[in-house]
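Numbering (UniProt numbering) for the sequence shown: 1 to 277. Note that the Cβ used here is the ideal one computed from N, Cα and C, for glycine as well. None of these values were measured; they are calculated from a predicted model.
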Amino acid sequence: MAGRPGDSGRPLPQSSRDEDHLQGHWLLARLGKRVLRPGGVELTRTLLARADVSDADVLELAPGLGRTAAEILVRHPRSYVGAEGDPDAANLVRGVLHDHGNRGDVLVTDASDTGLPDASVDVVIGEAMLTMQGDTAKHAIVAEAARVLRPRGRYAIHELALTPDDVPDDISTEVRQSLARAIKVNARPLTIAEWSQLLAGHGLVVEHVATAPMALLQPRRLIADEGLFGALRFAKNVLTQPAARKRVLMMRNTFRKHRERLAAVAIVASKPAVPGI
């Protein structure tokens with residue numbers, strides 16, 4: 001069973017910030033939420049199955065709390081490396097690796113410049129991190145993933161998407177601005193077509209696409225992701241911390257307001273055996 005990273009006494013990222021200035025995902029983590037991906041643990045598991053991480057050399061970009069790292073490790077990869085820019089988050093992931101027999105390593109480095117050799121991994125995993133980047137950074141990270149992948153390797157992403165693909169620009173701007181206000185991150189989700197085009201622009205071939213509702217803070221998803229005890233713990237923490245509750249309600253209301261325009265998407269794209277084919 002996957003562990004519960006973040007419960008080991010190690011500090012969470014941004015632990016010195018108050019609730020009004022904390023980025024939304026770290027606020028949720030402070031309140032006890034352990035699954036922070038937009039499509040929940042079910043879409044993560046679909047992603048990992050499609051990416052085929054078993055007996056593969058795996059690189060995870062920005063593993064955060066280490067929840068997906070635990071899911072990867074129970075699938076017995078040949079090797080695991082996390083590239084995490086936040087030292088506190090890297091320590092959390094090291095705790096997960098320790099709980100799984102020290103099977104892997106975590107580098108404190110940027111996702112766009114991992115320092116790994118060319119063509120050195122079979123699978124690159126990235127979840128809920130490209131969404132948080134501007135266009136230039138998105139391209140830099142995807143380029144790095146393509147560089148470190150071996151031929152026939154897979155790049156698997158799990159991100160927030162705008163729907164439908166022909167959503168008007170003014171609606172896209174409104175949704176992005178609402179998200180930025182709610183989660184204190186300049187989130188820039190793309191449509192599913194745009195995510196696919198981003199990957200294709202770096203020579204990757206999209207092979208699998210799966211979607212799920214953006215229901216991160218809905219009761220049914222909370223129980224599915226956290227278990228009944230974890231969901232109750234999270235709810236208690238929200239109810240007993242007024243400043244945090246205000247932020248969580250703002251996030252939940254934003255997600256509900258734009259629920260027809262937001263979805264979670266998982267995409268697996270492969271690196272061709274021969275460039276251009």
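Span of the beta strand (DSSP E) around residue i
i       : result
Gly-153 : 149-162
Leu-61  : 57-61
His-208 : 205-213
Leu-107 : 105-108
Nearest to residue i (by Cα), restricted to the options the options
i           : options                               : result
Val-185     : Pro-11, Leu-73 and Gln-23             : Gln-23
Gly-119     : Arg-150, Asn-102, Thr-44 and Val-209  : It should be noted that the sequence gives Ala, not Gly, for residue 119. The option with the nearest alpha carbon to Ala-119 is Arg-150.
Leu-130     : Pro-38, Ala-243 and Pro-213           : Pro-38
Thr-254     : Gly-203, His-208, Val-206 and Arg-176 : Arg-176
Leu-65      : Val-93, Glu-84 and Leu-59             : Val-93
Ala-111     : Leu-59, Glu-226, Ser-196 and Ser-54   : Leu-59
Thr-173     : Arg-30, Gly-82 and Leu-262            : Leu-262
Arg-259     : Val-248, Leu-160, Asn-237 and Glu-127 : Leu-160
residue 321 : Gly-95, Arg-17, Ser-16 and Ala-51     : The shown model of the chain, from 1 to 277, leaves out residue 321, and the question about it has no answer.
Leu-116     : Gly-82, Gln-14 and Ser-15             : Gly-82
His-76      : Gly-95, Ala-49 and Val-148            : Ala-49
Arg-189     : Val-205, Leu-204, Gly-203 and His-158 : Note on residue identity: the sequence assigns Pro, not Arg, to residue 189. Among Val-205, Leu-204, Gly-203 and His-158, the Cα nearest to that of Pro-189 is on His-158.
Leu-204     : His-139, Ala-146 and Phe-229          : Ala-146
Distance CB(residue i)-CB(residue j) smaller than 9 angstroms
i       : j       : result
Leu-217 : Arg-252 : yes
Thr-136 : Leu-162 : no
Ala-187 : Ala-269 : no
Ala-69  : Asp-122 : no
Ala-36  : His-25  : Contrary to the premise, residue 36 reads as Leu rather than Ala in this sequence. Yes, these two residues count as a Cβ contact at 9 angstroms.
Glu-194 : Asp-170 : no
Pro-213 : Ala-264 : yes
Leu-47  : Ala-210 : yes
For residue i, three-class secondary structure by DSSP
i       : result
Gln-14  : coil
Ala-200 : helix
Pro-242 : helix
Ser-79  : strand
Gly-126 : strand
Arg-4   : Note that Arg-4 scores 36 on pLDDT, short of 50, meaning its location in the model is unreliable; the coordinates nonetheless yield the value given after this. It is coil, neither helix nor strand.
Ser-172 : helix
Glu-19  : coil
Thr-136 : helix
Ser-270 : strand
Ala-264 : strand
Asp-225 : helix
Thr-114 : coil
Leu-190 : strand
Val-121 : strand
Residue i: first and last residue of the uninterrupted alpha helix (DSSP H) it sits in
i      : result
Gly-85 : Element bounds for Gly-85: n/a, residue is neither H nor E.
Thr-44 : 40-51
Ala-70 : 67-73
Leu-27 : 24-30
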